[in-house]
Structure formats: structure tokens, C-alpha cells
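Residue numbers (our numbering), protein chains in the order written: chain A, 1 to 573; chain B, 1001 to 1340.
Structure follows, in C-alpha cells:
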């Protein structure tokens, strides 16, 4: 027994030092960090590190999604009717390698993104602005070196000049995306990355940079520089040569811990300042209110989700009889607006908020998060209304639908409990209206669903969108335009809405854009192409000695979503 | 003897070839979209699905895809693992030593304890100690490792605070890791060779709970087999003869009975070590221990073909090498099974 006691004491003595030190931020995450190369950064786990090692020309001002402020730029001017952007760059900025940042580095960075523009990256939206197409030179042969070179140049005054083929009101927001960070061109070329020269550009087209030399050995201008990254741990330390204010947190440790229980225990013991949680229900039960834990609720959510009602279902297997005879549906079942409206009135939004979101959810008026410019809270919303649903079903197909009934097969993403619950709520309510109405719901693997929905082969499904850049166009065009990314899943076209969305794309006048988006919202309510899912309400939690995290400076566009801030804004007491 | 070893080693490439054909063949049952899924992390990236399939040649016919894999493998390039964000070779080089370290720390206690307890149980058949051990065996059998792991973590880390939680080192020590020169890849050994006893001790502490989990879960089977073997040996003719000759009971038990009872334990030990070296999938995941097992779990979840193939190749080598060693050990224990 004595031996056991002695061993225990020894172990206690050594592991008592485990708690996260004051100058060190410890974050235990559930996901890995795929890349540290800004040229291919397109996921939040990578972005959460890249945005702290590197810097972009502009960044968001505090919690605002519409106000941008200079970061590596000091100011900018827009000329030539909104097609030329001229940036003055910050002086005296050093890269982690010791190299001084010049305009050539910025030019190199953007050209590299346009040249490579690999499928894995988010550079397609930069290319859309600067080349007028999201493709790279492999996929679009009209892209030449001359076009890339002309799109971004340094002038004689050392200013960075972008020349756009057409007006793009979202261009500045796109520059705040961590994938558009300025990289150290000398360092990168020295490692064997593209040398920035015309002679070699073709070799780099479409190249996947996920595991590039630069990813393994990054050099940015950010407040933190990489110490080491191995399979489970990433270590970063404050960069002594940083041009800005010296950060309070000296070291940052990101550990990958897949097991939720292990993360929770580390967090509750204070060994981790921040962890990835397990969803609201789990976190509220196991973490909220515990000693040493701070909880911030009612944060904005930038994901928009909806039931998709496909108006041209290209999958006979889902159609049953393919006719309105009660045993199936025609491929164009959802083409009748009355059907879509009836479904929209049949979904119990409040029940979904209660059951799935534990009361923490709210209905939106359009598929655009309310924190974005252009969101109009005054647009009408569908509510759960049996009488109205019944009335619209009776009106559909000249009364045939109500008389004959239908059998619809709807798929949801396997493993997504919220989607399953939502489908079940809709099914129960619709089937209760008329015994001849039948909805079969089934789970489907994500990869299959991605393909089938893209090919227009899903009848009804639930999907969402998170923003690439903070501009309403990224949602409105994606969801509502007949040229938008989601259209093949919906096969819906409204010429008037298309026109408004194109107009909103080609003006930099925000009042005008907001007016147009509001019009789209109103028309979309009336046409009901989607059933809008209530949006969850965001929350974060952290150890209570962590300072600098609050609802007032939480910015959902910052990839480090554990705090919604850059690391340099944090400290510990 | 040498012939025997060489023959076994020649088996490795053949086994690998068949395995790789099977695995690449099986993946052809997946659609190109499913095989492209590991490259997609969001709806936004899904928009680029077609380009990803195109770039990686996922629509190519099976012989083309297999040929591509084989060519690069023969050039020593096992491909890039999405699950580890590294080349497969680099991943194995980095992670295997850690798993070896955990295997050493786990397998030796398991074998020693199991042989001891199995013998003890047989010698005290139906007495209290035997009953107790049988309860332990049933428990060890029926408790899944994720239950034992989380339970140990909750008690010794979260509640008592005696042992560290997940990972391989404490946060502060992870920074010192860059200064440590690598000799063997085994962190405890390397740290000690660098004179960093604090880090060696820290790494050792981090392995106690995962090792304990594996000891609890994996000992049961061997204890049971050892008990049965011992019981059989104790009632055999040669033991009776030895006893009749007037040898001391301890000598009879150790030299005559136990030695024979150990034969099948050697086979089991082989399987145990193959299993441990192939990564203790669940235990490594629970304790965020950056070994082979943790990687394979992620790879399997993400349909990471390069990783799964690389792991299969590694396992083939481990299986052939360990079973060769087991066969040699057989000869050492049992003179009837000599190879020359």
C-alpha cells in the first residue's frame, strides 16, 4: 500500500504542472489541419491557423461583416467605374523569414492563386472577379499569362493594382478571405514553389498545394509564426518582428483530440483553454455552468439551410408511378407553386426549433443570414398553418393532387440528425392532412447525395451553405439565381429574380443592392422555391481566464471559430 | 534455418501484391464521387467535385488506376494520405515508432501478467484466487476498450489527477520536442539519450493509461488459454511421472508443466504483437496517441485509399516478420520443432 501511495504522490507531483500556462493558449480540436499554404486554404481548420500566420490586404472591422479595414494595405482607391482597385501597402512589414514585404510579394501571391486555382482551393471566386471565370487555364483555354499578369500588377509608385473585367461589389470582401494572404515570394521560390515567372506558369496550373513545400515551411507576416506541426500537434509562437502590437499570448498549441470525452475532461481540468464541443445539447449538459467555464450565447450563425424542392426530378426511381395517381409523383411535381407553398405551410418551424435546436433557433425571411447586408427582416415568413397548407394542396394541379394523393421519396444526409428530424416533422404534418399523402424518407450517404443532387436526381433534400466571403451575393446568387451553384438541385427559374440578382452583382451602390435583395426575398416568399429551415443560434465556450472573447467582437468570418477573433486579440488573466 | 527465413521474406512482396490488387479492386465498387469524398470538406468544395475526380484520374479504368499505384509504389512513393496530410511513407516513419513504443510497454506486461496469472489460476483451480481471476477474465473479455479507456481517463486523469490526459506530452514539453535529436523514433528513449529525462518521464506517463487499457482488455484471452493449457499439462503423464520421480512441486510446475503450456501462448503472443503493431485503433484514438492506429481510423473513415493501401502493406510486412519470429521461437521452446 505504501508503494502505491508513493507512486501516486510522484505521479501527482509531475502531472500537477499540466494546466495550460498563462502565456500559452491551448486549443483541443476534433479535426486536423489539412494545409498551411494560403494558396489552397479553403476549410476552417486550416484557415484558423493560416489567418494568424499570414495576413490579407484588408480584414473585417471587429464583429462587422460589411465594414472592412486595412491590414497589409493602408488604404485603397476604386476607380475606372469600379473596375480598378489601387492599394497602398504597409511599409516596414517583415515576413517570418526576415524578408521585407514588398509589392512584388503581393503581386506574386495573387498571381500564384490565379495560376494554380486548384479544385481544392477557394481561388475560383478570386478568378471570377479578376478573370471573369472561376476556371483555371487547364479548364479554360482562353486564360493566358497576359490576362493573369494584367489582372494584378505593381505600378511605379509601388502600389498594387487590380484590374477587373467587370464590376464586382464583393471583390473587397473576397480579399479578406485568408486564402488571399500575402506570401513571402522569395522564401516560396527558394523552397521550390512557383518562381512567379511567365516561363514556368503552365507547370503550376491546377496544382494541388495542400502538401506544398510552403505548407510545410510557411513564412507570413502574421503575428504568429509556426514552430512545428506534426500529426497531432501544431505549435506557434509570437513573431518578434511583427509590425503590429505585440500579442499577449506567446505560444499557441493546437492539439488534435478526436475523442469528445477526452477533450471535455482536459477542458474542465483547465489543461485546454478551448475545445471543440459536441453540439448544443451535449455542451449545455456537460460543460455549461461548470466551474471555470465561460459561456457566450446568442451569436450570429452564418449558415443558411433549406429543404430543396426539385422541379425537374431526373431520377425515375424516386417517382414511383411517375403520375399523379397517389402511387408516385410526376418529375415536375414541385413545379406547381401551390405544392411548394403547401409544403412550406406544413413544416412546423417552432417544433423544429424546440426539438432540434433546444429552443435556440429562429426563422429567417430569406436564405441569407441576418448579419449580412441585404437581409430584409420585413419579408414575410411561412408559419406552420394546417388550414393554409390544406388550401394550397387543394388548389394544386386543379384539385387533382388532393383527390388522388401522392407518394414522395425524400432523402437526407446519413448521420445528420437535424435533417432526419426535420424530414420526420414534415412527413408527419403532410401525411396528417390527407390519408392519400405519403412521404418516404431515407438516409443517403453524403458522397452519393452530392452527386445525385447535382445531377438533379433528388426529389427533396436538405442542404446548407456557409459563406466563402462576407457578401450577400455569395448566398443570394448561390440559392436563387438560375445560374447559381444550387440551381441544378432545384431546376427553378424566375426571370425577374435572375435579373435583379445580375443587377445586384453589377453595382457597388449598397442601398441599391439591398433594395434588390429585398425584392428577391419578397418574390421568393411568394414563389416558395425552398422551405427555409430555422437558423440555429451560435454559442462558444472557453475557460474563464481567457480574455478577449465576447459577443461584441465575435466575427463569424474569422476561421478560428472557437473565439471568432485572431489569436493576437486574446490574453489570459 | 536461414532458408526458412529467406523463404518467409520472399513471401512479403507476393502477399503485398495480392493484397493491393484486392484493395484497389474493392475500391472500384465505390463510385468516383465516393472516392473523391476525402478531398472534400465542405459544400463549397463539393462544387469542384468534377475537377477533383478529373485531376486524380478517379474515372480511369481499374488497370490504369492500379498501374499508376503500382508504378509509384515501386518507386518508393506510396502516395499522399489525406488523413495525415503527409505522404504515406512519412506518416508511417513518424507514427510506427510511437506504436512500437506503446507495443513494447504493453505487450511485455500483458505476457508476463497473463502467464503468471494463468498459471496461478490453474494451480489454485476452483479456489478463491481462481474464481477471482475468472471474473477478471470475463470482465476483460466483455468490456470494450473504449469503455475501459474512457473510464480510466475519467478516474485517473479527470477525477484523481494522477496521470496526464490525452496526447503524447504535456503542452509545455511539446515545445522542447524540436530540440531533441532523433535516434530511434521512440520518444522515451530519444529523450533519455538527449539527457531530457523530464520529457522521457512525461512521455512514459502519457503511455500509462493507454497501456493499462490494452493490458486490461487484451490479457483476458491469454490468461484463459494459459489456465487451460496449464490444467491440461498438470494432468498429463509426463508431469505425473516427474512428480512420481520425487521432483519438487515448484520444479515440476515450472520446468515441466509450464514450459509445455507456453507453446500456444507463443502463437497468441505473435497475434498480440501483430495486433498492437498494427495499431490499437480505438485506444490510440481515445487517448489521442499519435500512432499508426489513430491514423488508420481516420483513413478508414475518410476512404483515404493511399493510407489504407499503405497500412495494408505495412501490416503484411508485420505479419510475415512476426510470424517468422514466432516460428523460430517455437523451435527454441520445443526441440521437436527445429528447422534443421
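For every residue, glycine included, the Cβ atom is placed at its ideal position computed from N, Cα and C.
Report the three-state DSSP secondary structure of residue i (helix, strand or coil).
i	result
residue 152 of chain A	strand
residue 292 of chain A	coil
residue 1237 of chain B	helix
residue 76 of chain A	strand
residue 370 of chain A	coil
residue 209 of chain A	coil
residue 162 of chain A	strand
residue 81 of chain A	helix
residue 306 of chain A	strand
residue 1257 of chain B	helix
residue 1130 of chain B	helix
residue 89 of chain A	strand
residue 336 of chain A	coil
residue 146 of chain A	helix
residue 193 of chain A	coil
residue 1164 of chain B	coil
residue 298 of chain A	strand
residue 123 of chain A	coil
residue 641 of chain A	This structure leaves residue 641 of chain A out entirely; chain A is present only between 1 and 573.
residue 406 of chain A	strand
Can a CB atom of chain B be found closer than 7 Å to the CB of residue i?
i	result
residue 507 of chain A	no
residue 52 of chain A	no
residue 115 of chain A	no
residue 436 of chain A	no
residue 572 of chain A	no
residue 530 of chain A	no
residue 287 of chain A	no
residue 209 of chain A	no
residue 259 of chain A	yes
residue 155 of chain A	no
residue 13 of chain A	Unreliable placement is indicated for residue 13 of chain A, whose pLDDT of 42 sits below 50; no coordinate value is reported for it.
Which residue marks the beginning of the beta strand (DSSP E) containing residue i, and which one marks its end?
i	result
residue 541 of chain A	538-543
residue 259 of chain A	From DSSP, residue 259 of chain A is part of no beta strand (DSSP E); its letter is neither H nor E.
residue 237 of chain A	233-238
residue 28 of chain A	24-29
residue 50 of chain A	Segment 44-53 is the alpha helix (DSSP H) holding residue 50 of chain A; no beta strand (DSSP E) there.
residue 1031 of chain B	Where residue 1031 of chain B is concerned, there is no enclosing beta strand (DSSP E), given that its DSSP letter is neither H nor E.
Flag residue i as yes if its beta-carbon sits less than 7 Å from any beta-carbon of chain A, otherwise no.
i	result
residue 1166 of chain B	yes
residue 1055 of chain B	yes
residue 1079 of chain B	no
residue 1150 of chain B	yes
residue 1274 of chain B	no
residue 1010 of chain B	no
residue 1174 of chain B	yes
residue 1221 of chain B	no
residue 1284 of chain B	no
residue 1183 of chain B	no
Terminal residues of the continuous alpha helix (DSSP H) containing residue i?
i	result
residue 1004 of chain B	1002-1027
residue 1314 of chain B	1305-1333
residue 355 of chain A	349-355
residue 1097 of chain B	1088-1123
residue 394 of chain A	386-395
residue 1169 of chain B	Looking at the DSSP string, residue 1169 of chain B is not in any alpha helix (DSSP H), and its letter there is neither H nor E.
residue 531 of chain A	Counting along the chain, residue 531 of chain A falls outside any alpha helix (DSSP H), though it belongs to the beta strand (DSSP E) covering 530-532.
residue 229 of chain A	It is not in any alpha helix (DSSP H) - residue 229 of chain A instead sits in the beta strand (DSSP E) that spans 224-229.
residue 70 of chain A	Segment 68-70 is the beta strand (DSSP E) holding residue 70 of chain A; no alpha helix (DSSP H) there.
So the candidates are the options; which of them puts its Cα closest to the Cα of residue i?
i	options	result
residue 309 of chain A	A:290, A:351, A:280, A:341	A:341
residue 422 of chain A	A:305, A:571, A:36, A:73	A:305
residue 977 of chain B	B:1266, B:1327, B:1085, B:1233	The question about residue 977 of chain B has no answer, for chain B in this structure spans 1001 to 1340.
residue 407 of chain A	A:320, A:480, A:374	A:320
residue 1312 of chain B	B:1022, B:1086, B:1007, B:1144	B:1022
residue 287 of chain A	A:264, A:303, A:296	A:264
residue 1055 of chain B	B:1075, B:1036, B:1246, B:1170	B:1036
Along the chain, which unbroken stretches of the beta strand (DSSP E) at least 3 residues long are found entirely within the segment 409-497 of chain A? 437-444, 460-465
Ignoring anything shorter than 4 residues or poking outside the segment 1040-1083 of chain B, list the alpha helix (DSSP H) runs there in chain order. 1043-1046, 1049-1055, 1062-1074
Which residue spans inside the segment 1171-1233 of chain B form an unbroken beta strand (DSSP E) run of at least 3? none
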